[in-house]
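Undergrad: Structure in structure tokens, see below.
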Amino acid sequence: MTFAQAVPELSLAWRAQPPPNPELAVLNEPLAAELGLDPDHLRTPDGIHWLTGASPESETFAHAYSGHQFGHYSPRLGDGRALLLEERRDTTGTLRDLHLKGSGPTPFSRGGDGKAVLAPMLREFLVGEFLHAASIPSTRALAVLTTGEPVWRDGGPQPGALLVRVATGLIRVGTFQFAATRGPDVLRRLADYAISRHVPSISDDDAPYLGLFRHVCRAQASLIADWMSIGFVHGVMNTDNMVIAGESMDFGPCAFLDAFDTRAVFSSIDHAGRYAYGNQPAIAQWNLARFGETLLPLIAEDPQDAVEPVTELLNEFAADYEREIGHRMAAKLGLPSPNPELTSECLTLLQRHRIDYTLFFRALAAGTAADLFPEDSGFPQWHERWSATIGDPARAATEMNTVNPIYIPRNHIVEDTLAAATTGDLTPLNRLVTALRNPFTDQPGMEDLTQPPPSGCPPHVTFCGT
Numbered sequence: 001m002t003f004a005q006a007v008p009e010l011s012l013a014w015r016a017q018p019p020p021n022p023e024l025a026v027l028n029e030p031l032a033a034e035l036g037l038d039p040d041h042l043r044t045p046d047g048i049h050w051l052t053g054a055s056p057e058s059e060t061f062a063h064a065y066s067g068h069q070f071g072h073y074s075p076r077l078g079d080g081r082a083l084l085l086e087e088r089r090d091t092t093g094t095l096r097d098l099h100l101k102g103s104g105p106t107p108f109s110r111g112g113d114g115k116a117v118l119a120p121m122l123r124e125f126l127v128g129e130f131l132h133a134a135s136i137p138s139t140r141a142l143a144v145l146t147t148g149e150p151v152w153r154d155g156g157p158q159p160g161a162l163l164v165r166v167a168t169g170l171i172r173v174g175t176f177q178f179a180a181t182r183g184p185d186v187l188r189r190l191a192d193y194a195i196s197r198h199v200p201s202i203s204d205d206d207a208p209y210l211g212l213f214r215h216v217c218r219a220q221a222s223l224i225a226d227w228m229s230i231g232f233v234h235g236v237m238n239t240d241n242m243v244i245a246g247e248s249m250d251f252g253p254c255a256f257l258d259a260f261d262t263r264a265v266f267s268s269i270d271h272a273g274r275y276a277y278g279n280q281p282a283i284a285q286w287n288l289a290r291f292g293e294t295l296l297p298l299i300a301e302d303p304q305d306a307v308e309p310v311t312e313l314l315n316e317f318a319a320d321y322e323r324e325i326g327h328r329m330a331a332k333l334g335l336p337s338p339n340p341e342l343t344s345e346c347l348t349l350l351q352r353h354r355i356d357y358t359l360f361f362r363a364l365a366a367g368t369a370a371d372l373f374p375e376d377s378g379f380p381q382w383h384e385r386w387s388a389t390i391g392d393p394a395r396a397a398t399e400m401n402t403v404n405p406i407y408i409p410r411n412h413i414v415e416d417t418l419a420a421a422t423t424g425d426l427t428p429l430n431r432l433v434t435a436l437r438n439p440f441t442d443q444p445g446m447e448d449l450t451q452p453p454p455s456g457c458p459p460h461v462t463f464c465g466t
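Letter by letter, the sequence shown follows residues 1 to 466 in the numbering used here.
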């Protein structure tokens, strides 16, 4: 049963707006193979026609959802420029959503043009491929197409584009928020569909809806720990951007740490720093609380009786996150087991001296980390305690280099790459994605992709709604 069949109240059949002259800019051939799709066919006119959602046989749907955006509740959001193209089983039997972005206006567009431009869609491709290569659950781009029409952004025309992204599931916290306003029957059918798709093992449990909440909390604790350990700043953790499948999604305002800073904010509209790097675990817990609220009437006949078990699981989220990040940081530092004190002291040094987060861990494994610090930094004293803790340095270095990337989508490099792509030069993009798909392996000739932004480079700023 498809999502539209299970919960028709949350889907609206809607046709994609045919682009005037679609052409493939990027085709993700490894992902196409995972989905059982023929890359050669996708490059044909018929294949491109299907990717745009314009084939007559395509049944496309816009999804309805609500969401808290920067803490403020919006009762009706929905897919304003996106459509579900297909639910498809991949070669492992896993059901995946193929989703269009930039396919034209829908009844949820709220006055927007429903279009997308090339640079942000290519950013989705780059970031998704890197996160996937780093074993971080993420949506990925199957294809990015130019549409052959200009789209006005920032006061001028930019090349229009269409993204075809792939997700394990696109049911959001905001989907549950919207369903909760449509009555208990709609909410229950949504929850039953979510369980059957994502955690079928709990379908016959005595308390399946509480089990669903537990599953989502644990998946998010793991995901946020992944983000924090790699230095990823999502930038817009609204409840409509948190999917219960536990994948990263929506990379418009995202960025990666250069100098370590828990206060790092990149989004142009996050004036209060709500979604700063260091706030991400607490925001995830806040979003999960909103999810838990929607499930209360399903968990107990009297919703008040469900408050205590839901609160207990929210508290467990904090403990789960601390355990997850503890193990990840221990691995990054080559420690035999989590050491919160040594880890905290390390991060304090990185922040105090604005040390590049990615370079530091590779330098630590190589024995050159002291070169990154000024004199009298306190690093030698920390390094002495660290050296006494790790045991065999060669073993620690080998293990550290399996979890600490050499290459990340560095903000300034991504911007230069996207600027070139907008003018029609995809060579830098192809080179960068080659590095990002093997982020832990040194690749000769790619040294420039490892460098932090030049001295005096202005702060990186990202934008929503592009």
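Quick reminder that beta carbons are idealized off the backbone N, C-alpha and C, glycines included.
1) Is the separation between the beta-carbon of Thr146 and that of Pro20 shorter than 8 angstroms?
2) Could you pull the start and end residues of the beta strand (DSSP E) that Phe61 belongs to?
3) Starting from His383 and walking both ways along the alpha helix (DSSP H), at which residues does that stretch end?
4) Where DSSP assigns a beta bridge to Ala11, which residues make up the other side?
5) Among residues of its own chain, excluding the 5 on either side of Pro75, which ones have a beta-carbon nearer than 7 angstroms to its beta-carbon?
6) Assign Tyr277 to one of two classes, buried (16 or more other C-beta atoms within 10 Å of its C-beta) or exposed (fewer than that).
7) Name the two residues that bound the continuous beta strand (DSSP E) containing Leu98.
8) Is the CB-CB distance between Glu34 and Asp90 below 8 angstroms?
9) By how many angstroms is the C-alpha of Val186 removed from the C-alpha of Leu296?
10) Since I believe Ile202 is in contact with Gly211 (beta carbons under 8 angstroms), could you give me their beta-carbon distance rounded to a whole number of angstroms?
11) Can you name the start and end residues of the alpha helix (DSSP H) that Glu247 belongs to?
12) Could you give the DSSP three-state label for Gly80: helix, strand or coil?
13) I'd like to confirm the pairing. Which residues does DSSP put opposite Ser267 in its beta bridges?
14) Which residues bound the alpha helix (DSSP H) around Ser344?
15) Going by DSSP, name the residue or residues bridged to Trp152.
16) With which residues is Ala221 paired in a DSSP beta bridge?
17) Nearest to Glu398 by CA position, among Gly273, Arg352, Val310, Thr441, is which residue?
18) Is it the case that the Cβ atoms of Ser248 and Ile325 are separated by a distance below 8 angstroms?
19) Leaving out five residues before and five after Pro18 in sequence, what residues of the same chain have Cβ atoms less than 8 angstroms from its Cβ?
20) How would you call Thr423, buried or exposed, if buried means at least 16 neighbouring beta carbons within 10 angstroms?
21) Give the DSSP-derived three-state secondary structure of Arg88 in the structure shown.
22) Going by Cα to Cα distance, which pick from Glu149, Thr60, Arg110 is closest to Leu12?
23) Which class does Gln69 belong to by DSSP, given the choice of helix, strand or coil?
24) Quick check on Met1: buried or exposed, where buried means 16 or more other Cβ atoms within 10 Å of its Cβ?
25) Thinking C-alpha only, which one of Phe125, Gly273, Val243, Arg385 is nearest Thr343?
26) Touching or not, the segment 425-436 and the segment 230-247, by the rule of three or more beta carbon pairs under 8 angstroms?
27) Gly509 and Ala161: beta carbons closer than 8 angstroms?
28) Once DSSP output is grouped into helix, strand and coil, what is the label at Val403?
29) Return the chain-ordered list of same chain residues with a C-beta closer than 8 angstroms to the C-beta of Leu313, the five sequence neighbours on each side being excluded.
30) Tell me which same chain residues have a C-beta within less than 6 angstroms of the C-beta of Ala64, skipping the five on either side of it?
31) Which word fits Leu264, buried or exposed, when buried means at least 16 other C-beta atoms lie within 10 angstroms of its C-beta?
32) Assuming Pro459 contacts Asp356 (C-beta within less than 8 angstroms), just tell me the rounded distance between them.
33) Thr358: buried (16+ other C-beta within 10 angstroms of its C-beta) or exposed?
34) Taking C-alpha atoms, which residue in Phe130, Arg431, Glu415 lies nearest to Thr462?
35) According to DSSP, is Ser138 part of a helix, a strand, or is it coil?
36) According to DSSP, which residues form a beta bridge with Leu27?
TA: Quick look at the numbers:
1) Counting from 1 along the sequence shown, the entry for residue 146 is found at position 146. Counting from 1 along the sequence shown, the entry for residue 20 is found at position 20. Here Thr146 is not near Pro20, since their CB atoms are 8 angstroms or more apart.
2) The residue given as residue 61 occupies position 61 in the sequence shown. 61-63 is the span of the beta strand (DSSP E), which, as asked, contains Phe61.
3) On the sequence shown, position 383 is the one that residue 383 refers to. Note, His383: alpha helix (DSSP H), 379-390.
4) On the sequence shown, position 11 is the one that residue 11 refers to. Per the sequence presented here, residue 11 reads as Ser, with Ala not at that position. In DSSP, Ser11 forms a bridge with His63.
5) As a position in the sequence shown, residue 75 is number 75, starting the count at 1. Excluding positions up to five away in sequence, the list reads Ser66, Thr181.
6) Within the sequence shown, numbered from 1, the residue matching residue 277 stands at position 277. Burial call: buried.
7) As a first step, residue 98 must be located in the sequence shown, where it is residue number 98. 95-101 is the extent of the beta strand (DSSP E) around Leu98.
8) Working through the sequence shown from its first residue, we reach residue 34 at position 34. Working through the sequence shown from its first residue, we reach residue 90 at position 90. Closer than 8 angstroms, so yes.
9) Locating residue 296 in the sequence shown gives position 296, where the first residue counts as 1. Locating residue 186 in the sequence shown gives position 186, where the first residue counts as 1. Each residue's Cα considered, the two are about 14 angstroms apart.
10) For the purposes of this step, residue 211 is taken as the residue at position 211 of the sequence shown. For the purposes of this step, residue 202 is taken as the residue at position 202 of the sequence shown. Confirmed, Cβ separation roughly 4 angstroms.
11) Working through the sequence shown from its first residue, we reach residue 247 at position 247. It is not in any alpha helix (DSSP H) - Glu247 carries neither H nor E in the DSSP assignment.
12) Within the sequence shown, residue 80 is the residue found at index 80, counting from 1. Three-state result, Gly80: coil.
13) Numbered from 1 along the sequence shown, position 267 holds the residue referred to as residue 267. Answer by DSSP bridge pairing, in chain order: Thr462.
14) Within the sequence shown, the letter at position 344 stands for residue 344. Under the DSSP assignment, Ser344 falls in the alpha helix (DSSP H) whose first and last residues are 340-352.
15) As a working mapping, residue 152 is identified with position 152 in the sequence shown. Beta-bridge analysis with DSSP links Trp152 to Pro157.
16) Within the sequence shown, residue 221 is the residue found at index 221, counting from 1. None, per the DSSP bridge assignment.
17) On the sequence shown, residue 398 is found 398 positions in, with the first residue counted as 1. For the record, residue 398 in the displayed sequence is Thr; it is not Glu. The shortest C-alpha separation from Thr398 is found at Thr441.
18) Residue numbering aside, residue 248 sits at position 248 when the sequence shown is read from its first letter. Residue numbering aside, residue 325 sits at position 325 when the sequence shown is read from its first letter. No, Cβ-Cβ distance for Ser248 and Ile325 is not below 8 angstroms.
19) Sequence index remark: in the sequence shown, residue 18 carries index 18 (1-based). Thr52, Ala54, listed in sequence order.
20) Position 423 of the sequence shown, counted from the start, is the residue given in the question as residue 423. It is exposed - the Cβ of Thr423 has fewer than 16 other Cβ atoms within 10 Å.
21) As a first step, residue 88 is located in the sequence shown; it is residue number 88 there, counting from the start. Annotated three-state conformation of Arg88 is strand, per DSSP.
22) Within the sequence shown, the letter at position 12 stands for residue 12. Selected option, being the one with the closest Cα: Thr60.
23) As a first step, residue 69 is located in the sequence shown; it is residue number 69 there, counting from the start. Note: Gln69 maps to strand in three-state DSSP.
24) Position 1 of the sequence shown, counting from 1, holds the residue named residue 1. Classification for Met1: exposed.
25) For the purposes of this step, residue 343 is identified with residue 343 of the sequence shown, where counting begins at 1. Among Phe125, Gly273, Val243, Arg385, the Cα nearest to that of Thr343 belongs to Arg385.
26) no
27) Nothing can be reported for residue 509, as the shown portion of the chain is limited to 1 through 466.
28) For this step, residue 403 is matched to residue 403 along the sequence shown. Correct three-state label for Val403: coil.
29) Residue numbering aside, residue 313 sits at position 313 when the sequence shown is read from its first letter. Leu210, Phe213, Arg214, Cys217, Gly292.
30) As a position in the sequence shown, residue 64 is number 64, starting the count at 1. So the list reads Leu10, Gly78, Phe178, once near-sequence residues are dropped.
31) To locate residue 264, count along the sequence shown from 1; it is residue 264. Before going further, note that residue 264 is Ala rather than Leu in the sequence given. Buried: at least 16 other Cβ atoms inside 10 Å.
32) Within the sequence shown, residue 459 is the residue found at index 459, counting from 1. Within the sequence shown, residue 356 is the residue found at index 356, counting from 1. Between Asp356 and Pro459 the Cβ distance is about 15 angstroms, and since that is not below 8 angstroms, they are no contact.
33) Counted from its first residue, the sequence shown places residue 358 at position 358. With 16 or more other Cβ atoms within 10 Å, it is buried.
34) Position 462 of the sequence shown, counted from the start, is the residue given in the question as residue 462. Closest option to Thr462, Cα to Cα, is Glu415.
35) Taking the sequence shown and counting its residues from 1, the one referred to as residue 138 is at position 138. Residue state, collapsed to three classes: strand.
36) For this step, residue 27 is matched to residue 27 along the sequence shown. Answer is Ala143.
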